[in-house]
Structure formats: C-alpha cells, structure tokens
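Numbering (my numbering), first residue to last: 242 to 415.
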C-alpha cells in the first residue's frame, strides 16, 4: 500500500528518470512451499556436522580403508590432533602416515611420516601408491620405508599405513 502511494505521488518524476515504463506493484499473499519448508527454519541453517572419522565415504575411494588414525595421538611426546573436518578431498594439507607394521600396541609412536600437498590428499596418496614397486620404491618415503623395513609387505602398498589429515592450511604456508 505504501509503494502504491509512493508511485502515485512521484510517478511523473520517476518516469523522467527511468523513461516511460509501467510500474507494477505486487505482494505475495501466502508463502510458497519452499519458504514454508526451508525459510528461517532448522532445515535452512548450515549446522556443522561432527564427523566421527576422516573418511570421505565416497564409493570406490581407495584411501578410506586406510584412514584409521584416532583424532588425538602422541608422537614423540607431542600430542597431535587431526582435523576431522578434513578428508581425502581436502587440498593444501598436512597429512600423517603411520606404519602399521612397526608400531606395537605397547610402543610409543615412532614410525610415522608427515607430508604436505597442494593437491587433494587422495591425489597425493595415489602418487605414493603408484611407487610401491621394485623399480620405483625409492621415489616415495612410504614405499621406501616399506621396502627397507618390511620388504615382504611391499605388495600391500598403502594398506601398510594408517593415514590421517593433520590440517588444511593456506597454500602459501606450504
């Protein structure tokens, strides 16, 4: 009603500004279905989901079977906390791989590898996975460790490791 009053009072001045156009004022009487379901409701609010792991849960993900590190762990006396909002689709990240064959349940973690990547963590581990052969084992720290310490496990590739993402960082920080 106020807009109709405004247009009737200032219509001539507005036509001088915008040209000879017809002004139409419409008012929605009832909300549409989408507004009823999602507008200003619990459905429309982005609530952070608390993930219980760093698995991406995508079908055929070759990395999820090895993403098994706990959220918090001690490594050489330092507590490491993994960011559970990250997964193998995270890019610009610092990641951790811990050898399953070296660590005994009663030992302190000592055989681990920290790495970094600008690409996704999954892509980086595909690179590591491709080096688990007798001809290229020396081109990845993970395959080299497996060859050097557990040569009979080389065909198991990344299954020799528990993997996690420590955190996502700015690409310039890498």
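Every residue, glycine too, gets a C-beta built ideally from N, C-alpha and C. Quantities reported herein were computed from a predicted structural model and do not represent experimental measurements.
In angstroms with no decimal places, state the Cα-to-Cα distance between residue 310 and residue 355. 13 Å
What distance in whole Å lies between the Cβ atoms of residue 390 and residue 381, which are believed to be in contact at a cut-off of 8 Å? Not a contact, Cβ separation roughly 14 Å.
Rounding to the nearest angstrom, what Cα-Cα distance links residue 252 and residue 243 in this structure? 13 Å
What is the rounded straight-line gap between the Cα of residue 405 and the Cα of residue 259? 60 Å
CA-to-CA distance, residue 312 to residue 320, given in whole angstroms: 10 Å
Looking only at its own chain, which residues have a Cβ that is under 8 Å from the Cβ of residue 353, when we skip the five neighbours before and after it? 316, 337, 338, 339, 340
Unbroken stretches of the alpha helix (DSSP H), 4 residues or longer, contained in the segment 318 to 404: 362 to 370, 382 to 391
Is residue 330 near residue 363, with beta carbons less than 8 Å apart? yes
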